[in-house]
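One structure is given below, encoded as structure tokens.
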Amino acid sequence: MGGGMQGRTRIRKRMQWGGWSLLVGMGLALAAWGMLAPLPVLAEAMEPPTDVASYAIAARYDPATYTLTGTETATYTNRTADPIPDLVFHLYLNAFSGPETLWLTEAGDVSRGFGYDPTHPGWLKVTSLRLADGTALTLAPVDKDATLVRAGLPQPVAPGQAVQVQLEFTAQLPKVFARTGWADEGRFVMAGQWFPKFGVWQQGAWNAYPFHANSEFYADFGSYEVQVTLPEGWLIGATGEPVGEPHPNSDGTVTHAFQAAHVIDFAWGASSRFREATRDVDGVHLRLLYLPEHQAVVQRTLDATEGAFRKYSEWYGPYGGGFAQQLTVILVPQDGGGAGGMEYPRLFTAGMQGTTLPACFRLHEVEVVHELGHQWFQAVVATNEAEEPWLDEGFTDYTTVRAMNALFGGAVSDCGGWTWSYLDMRRTEYALAPETAIAGAAWKFDSTAYGIAAYSKPAVALTTLERVVGEEAMLRFLRTYYQRYALAHPTGRDVRAVMEETLGPATTAWFWEGLVEGSGVLDAQVVSLEGQRASLERRGELCIPSEVRVTYRRGTPETIAWPCGQPTLTVEGESPIVAVEIDPANKIPLDLNRVNNSQRAGPDWPIWLSFAVRTLTTLQNFFFWGGAAW
Amino acid sequence: MTQEPLTEYVSHPTEDASRSAVAALKASPPGLKGYLARLFTRLRPWGLFYLFISLPSAVAAPLLALPLLNWARSSLLRQALGERSLDALLQLTTGPLANMQLGGASGDATLLFLLLGVCGVLLLWPLLGLGWVWLEGGALTTYADAERPSWRRFWAGCKRWLGPFLVVNVLGVLAVFIVGGLFLALAALLWAVSPVLGGGAGVIGFLVVGALATWTELARAVMVVRDDRALGPALKGAWRVAIRRPLPLLALVMGGLALYGLLFLLNRAVTGALPYTWWLAVLVAQQLIVVLRLGVRLGRQAGEVGLAATLV
Numbered sequence: 075m076g077g078g079m080q081g082r083t084r085i086r087k088r089m090q091w092g093g094w095s096l097l098v099g100m101g102l103a104l105a106a107w108g109m110l111a112p113l114p115v116l117a118e119a120m121e122p123p124t125d126v127a128s129y130a131i132a133a134r135y136d137p138a139t140y141t142l143t144g145t146e147t148a149t150y151t152n153r154t155a156d157p158i159p160d161l162v163f164h165l166y167l168n169a170f171s172g173p174e175t176l177w178l179t180e181a182g183d184v185s186r187g188f189g190y191d192p193t194h195p196g197w198l199k200v201t202s203l204r205l206a207d208g209t210a211l212t213l214a215p216v217d218k219d220a221t222l223v224r225a226g227l228p229q230p231v232a233p234g235q236a237v238q239v240q241l242e243f244t245a246q247l248p249k250v251f252a253r254t255g256w257a258d259e260g261r262f263v264m265a266g267q268w269f270p271k272f273g274v275w276q277q278g279a280w281n282a283y284p285f286h287a288n289s290e291f292y293a294d295f296g297s298y299e300v301q302v303t304l305p306e307g308w309l310i311g312a313t314g315e316p317v318g319e320p321h322p323n324s325d326g327t328v329t330h331a332f333q334a335a336h337v338i339d340f341a342w343g344a345s346s347r348f349r350e351a352t353r354d355v356d357g358v359h360l361r362l363l364y365l366p367e368h369q370a371v372v373q374r375t376l377d378a379t380e381g382a383f384r385k386y387s388e389w390y391g392p393y394g395g396g397f398a399q400q401l402t403v404i405l406v407p408q409d410g411g412g413a414g415g416m417e418y419p420r421l422f423t424a425g426m427q428g429t430t431l432p433a434c435f436r437l438h439e440v441e442v443v444h445e446l447g448h449q450w451f452q453a454v455v456a457t458n459e460a461e462e463p464w465l466d467e468g469f470t471d472y473t474t475v476r477a478m479n480a481l482f483g484g485a486v487s488d489c490g491g492w493t494w495s496y497l498d499m500r501r502t503e504y505a506l507a508p509e510t511a512i513a514g515a516a517w518k519f520d521s522t523a524y525g526i527a528a529y530s531k532p533a534v535a536l537t538t539l540e541r542v543v544g545e546e547a548m549l550r551f552l553r554t555y556y557q558r559y560a561l562a563h564p565t566g567r568d569v570r571a572v573m574e575e576t577l578g579p580a581t582t583a584w585f586w587e588g589l590v591e592g593s594g595v596l597d598a599q600v601v602s603l604e605g606q607r608a609s610l611e612r613r614g615e616l617c618i619p620s621e622v623r624v625t626y627r628r629g630t631p632e633t634i635a636w637p638c639g640q641p642t643l644t645v646e647g648e649s650p651i652v653a654v655e656i657d658p659a660n661k662i663p664l665d666l667n668r669v670n671n672s673q674r675a676g677p678d679w680p681i682w683l684s685f686a687v688r689t690l691t692t693l694q695n696f697f698f699w700g701g702a703a704w
Numbered sequence: 017m018t019q020e021p022l023t024e025y026v027s028h029p030t031e032d033a034s035r036s037a038v039a040a041l042k043a044s045p046p047g048l049k050g051y052l053a054r055l056f057t058r059l060r061p062w063g064l065f066y067l068f069i070s071l072p073s074a075v076a077a078p079l080l081a082l083p084l085l086n087w088a089r090s091s092l093l094r095q096a097l098g099e100r101s102l103d104a105l106l107q108l109t110t111g112p113l114a115n116m117q118l119g120g121a122s123g124d125a126t127l128l129f130l131l132l133g134v135c136g137v138l139l140l141w142p143l144l145g146l147g148w149v150w151l152e153g154g155a156l157t158t159y160a161d162a163e164r165p166s167w168r169r170f171w172a173g174c175k176r177w178l179g180p181f182l183v184v185n186v187l188g189v190l191a192v193f194i195v196g197g198l199f200l201a202l203a204a205l206l207w208a209v210s211p212v213l214g215g216g217a218g219v220i221g222f223l224v225v226g227a228l229a230t231w232t233e234l235a236r237a238v239m240v241v242r243d244d245r246a247l248g249p250a251l252k253g254a255w256r257v258a259i260r261r262p263l264p265l266l267a268l269v270m271g272g273l274a275l276y277g278l279l280f281l282l283n284r285a286v287t288g289a290l291p292y293t294w295w296l297a298v299l300v301a302q303q304l305i306v307v308l309r310l311g312v313r314l315g316r317q318a319g320e321v322g323l324a325a326t327l328v
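Read top to bottom, the protein sequences are chains A and B.
Convert by adding 74 to the 1-based position in the first sequence; the result is the number in the working numbering.
Convert by adding 16 to the 1-based position in the second sequence; the result is the number in the working numbering.
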């Protein structure tokens, strides 16, 4: 073999290497393009669901006695493969019939800081129940409080068939303390869970529970046609769009008609003192009903709603699945604060938090932005709030963090120039009991643990997830989840599957096993820093891959990856280490103790001296005013 | 007008000089402007008051800041103080609790030491109040004397007027609390009927309380100018000054308040504009404000002595 042959061999080898490199490069490029591929295109509107539970209700409200009387035509369509032998209805208001109910016993007569008034209880009675052919049905209570009632059917409802029943009912609304009732000396009423409502038939049984204090609601999609008769001069806001003009009656009342398609619930609120402000946002009519004392926050409410509305539509998909043209916001009176901070399809209430605080303290905006977020997660994705509360509240609270960041730089307060972020507010609550697992039925938790499991821990966990995987990947996950499961009642298993598909099994593993199902906690700390050597340690069962920034006396700072599987890490530099910081970008707010995340070789003298100088002046001022006061 | 001998002050050859100084005062009073000018020509009170508030502060401040040296090794302190981040501040304070949840010891007594330090400073309040009143005797003597007083006369003035000033001050504080409390209650009651009425009552109450405080302060100046420790005549004299020279008195009081307000805004603007870590610039700026604020108070007192001298 001469030099020429050797030369050709070298060239062939280079060509082979080049060819492989090209193929590998193309493969990498394709993979990169896949990761950077545009997010799923937002649908203009989802596929309309097939109605399961539809209602036509005509009700009259008497503010003098706080009673509702109504007739209801309810249709349940069996979309499952199992025949339905009976009908189960929720009569939620019976939870407030007296202090011995399960709900009040669990809540201790208090809900979200508001107390139950036993002289003004609430209840809901079905006075007549018949099939469409007139056959009378008998209701029997399932639980001792009759918040759940059952009626046997002469014939099961076969798969694909529907059953229609006609009900007459009477309800007394309690004085507002837990979402529903009257307030403002009877001049305000918020009617939520006010009519007999079907349970959810799935997997061969009714998914319906007695009403627990921590629990919220679960219902099928359907269409509603509702008429509400109120005294003249009352303004009403409801789920759904008005049908025609309000109709005056000869007895001085007015009947208001509404319709709503593809919703899981129907609520309404009314007052003789309401004022109205409206705004149109991207084709959706926004209607704000407020009382005169709320005048100062009208603009703030509209601005926060509009801002968050646009963000949620951009991030996840169309409002109301694309089927809704109206959104109603109700600000509740001060003595009706228990009705505030609550979500219903195409309607939410606020005014419980901070309407009288200075504008630099944005609790009101937090409440508005949070309740609006439910329009995507509760009203469209519609998970089971009783069995898996975090799928609604946790995702909504996480989206509240995102919206507060986008609209207000994250700050729930920046009074006096000091900023407090909404994320940190949630993080502080989470840190009270960080080992609380996220998953679990609502009634399994006491009220503090419920707040952590359903709200704050998921909010912090999902924010951590976003910061670790990146915003783009996170939005891909969320948008896929929303669009795939809109109007479909997904479970945690479905969410996990989407997470694995979009974010990968490794990420899903630490999130799901560590946080959702597990009680893992995490504290990464700098154990020691001496000379050219720093020792770091992870405590707790949870591991999230992080980064460490090391600053040397000589040379440039470097960032080192600290993957899982390494409970300790030792850094040795060629020059003395000035400072070491774990997670410098604060990607892991789940870390319980950030004080030990960083250490300097010596104190930060400029900061300390600055504090000492200001302390000096503060003391001089104290001695001046304190002395002058004499 | 009594003319008791000034022998309690000093047994000094200049005793006659003092008497002739009072006579000279009667013959040709310097005028209000002249008394105000004494703030700048007789710097002893200004300097002493500055030292009085600064020396203990200079000792206490590093002691109070010492516990923070622990936190100064974490990047959170710079975030908390430099960026005014409540997030970071909360994490600094709750970090030890989180540590305990993970089975570790708290190991961080920073907050506890800070709290103890603050309590210590608060306990000093009665002592510093006494010291302040004591020094004011010397200050008013300095402004009242026809000739610039000596150190000995200054200290003698401090000693002479401590008791009477304490009595006047206690009376003033009681009056302010009682009258102020009554007006506050009235304002609260009226507010339920009409916010305008309630607000009006509040404003009137504020003015009445301010007038009471000025009256007692003026009474002290009258005591020193007349060299009379009796309370009754001093209060009557102060009342006469207010009736005879209402506008200059109002100008002194309102001008002083306005200057306090201006200094407050200036302090906020300057310290807000300066980066947090520019500690030397902040020190200089804030010390200037402290000195000027002292000057405003002493200037008002010099003016009150000047007004009281109209009775002479």
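We put the CB at the ideal spot given by N, CA and C, even for glycine.
*Which listed residue (L664(A), T565(A), W586(A), E574(A)) has its alpha carbon closest to that of L596(A)*: L664(A)
*Give the DSSP-derived three-state secondary structure of M270(B) in the structure shown.*
In the structure shown, M270(B) sits in a helix (DSSP, three-state: H, G or I).
*Same chain, Cβ closer than 6 angstroms to R501(A), neighbours up to 5 away in sequence not counted*: V534, P663
*Hey, which unbroken runs of the alpha helix (DSSP H) at 4 residues or more fall wholly within the segment 87-148 of chain B?*
102-117, 126-139
*So which residues on chain B does A702(A) lean against when the C-beta distance must stay under 8 angstroms?*
In chain order: W148, R313.
*Neighbour list for L693(A) in chain B, Cβ cutoff strictly below 7 angstroms*: S73, A76, A77, V137
*Taking all protein chains shown into account, decide if A378(A) is buried (16 or more other Cβ within 10 angstroms of its Cβ) or exposed.*
buried
_CB-CB length for N115(B) against N660(A), believed under 8 angstroms_ = Going by Cβ atoms, the distance from N115(B) to N660(A) rounds to 19 angstroms, so no, they are not a contact pair.
_So Q317(B) contacts chain A; which residues on that side make the cut at Cβ distance below 8 angstroms?_
The contacting residues do not exist; Q317(B) stays about 10 angstroms from chain A at best.
*Does DSSP put G226(A) in a helix, in a strand, or in coil?*
strand
*Between the C-alpha atoms of G260(A) and Q301(A), what's the straight-line distance to the nearest angstrom?*
Going by the C-alpha atoms only, they are around 21 angstroms apart.
*Using DSSP with H/G/I as helix, E/B as strand and the rest coil, what is G425(A)?*
coil
*Stretch-stretch touch, CB-based, cutoff 8 angstroms, three pairs: the segment 180-198 of chain A with the segment 305-322 of chain A*: no
_Other residues of its chain near Y61(A): CB distance less than 7 angstroms, five sequence neighbours each side excluded_ = Absent from the model: residue 61(A). The displayed extent of chain A is 75 to 704, so no value can be given.
*Distance, F262(A) Cα to T244(A) Cα*: 19 angstroms
*In the DSSP assignment, find the unbroken alpha helix (DSSP H) run with S73(B) in it and report its ends.*
60-81
*Verify the CB distance criterion: does T493(A) have a CB-CB separation below 8 angstroms to chain B?*
Yes, T493(A) lies at the interface with chain B (some Cβ there is under 8 angstroms from its Cβ).
_8 angstroms contact criterion, which V622(A) and L610(A) should meet: CB distance rounded_ = That belief holds up - the Cβ atoms of V622(A) and L610(A) are roughly 7 angstroms apart, short of 8 angstroms.
*Those runs of the alpha helix (DSSP H) which lie wholly inside the segment 565-618 of chain A and span at least 4 residues*: Scanning the segment 565-618 of chain A from its first residue to its last, the whole alpha helix (DSSP H) runs of 4-plus residues come out as 566-577, 579-585.
_Pairwise C-alpha distance: R169(B) and V26(B)_ = With a pLDDT of 39 at V26(B), under the threshold of 50, the predicted position of this residue should be treated as unreliable, and no value is reported.
*Please name the residue or residues paired with V274(A) in a DSSP beta bridge.*
N281(A)
*Exposed or buried, what is D125(A) when buried is set at 16 or more other beta-carbons lying within 10 Å of its beta-carbon?*
buried
_Simplified DSSP assignment, three categories, for A8(B)_ = Nothing can be reported for residue 8(B): it is not among the residues displayed for chain B, which extend from 17 to 328.
*Using a Cβ-Cβ distance under 8 angstroms, would A81(B) count as near chain A?*
yes
*Shorter than 8 angstroms from the beta carbon of T232(B) to some beta carbon of chain A?*
no
_Within-8 angstroms CB hit, L52(B) to chain A_ = no
*Residue range of the unbroken beta strand (DSSP E) whose run includes I656(A)*: 651-656
*How many Å lie between E459(A) and E290(A) at the Cα?*
5 angstroms
*Please confirm if R436(A) has its CB atom under 8 angstroms from at least one CB of chain B.*
Chain B contact via Cβ: absent.
*When we look at the beta-carbon of R316(B) and count the other beta-carbons within 10 Å, is it buried (16 or more) or exposed?*
buried
*Determine the direct distance from the alpha carbon of A258(B) to that of A227(B), and round the result to whole angstroms.*
Across the structure, A227(B) and A258(B) are spaced so that their CA atoms are roughly 10 angstroms apart.
_Along the segment 292-307 of chain B, where does the CB come closer than 7 angstroms to a CB of chain A? Name the residues._
Y292, T293, W295, V298, L299, Q302, V306
_Going by DSSP in three states, L362(A) sits in which element: helix, strand or coil?_
strand
_Does any residue of chain A have a CB that is nearer than 8 angstroms to the CB of A208(B)?_
no
*Own chain partners of L268(B) with C-beta closer than 7 angstroms, once the 5 adjacent residues on each side are dropped*: R316, G319, E320
*Helix, strand or coil for H184(A), going by three-state DSSP, please let me know.*
Inspection of the sequence shows that residue 184(A) is occupied by Val rather than by His. Looking at V184(A) - three-state DSSP - the assignment turns out to be strand.
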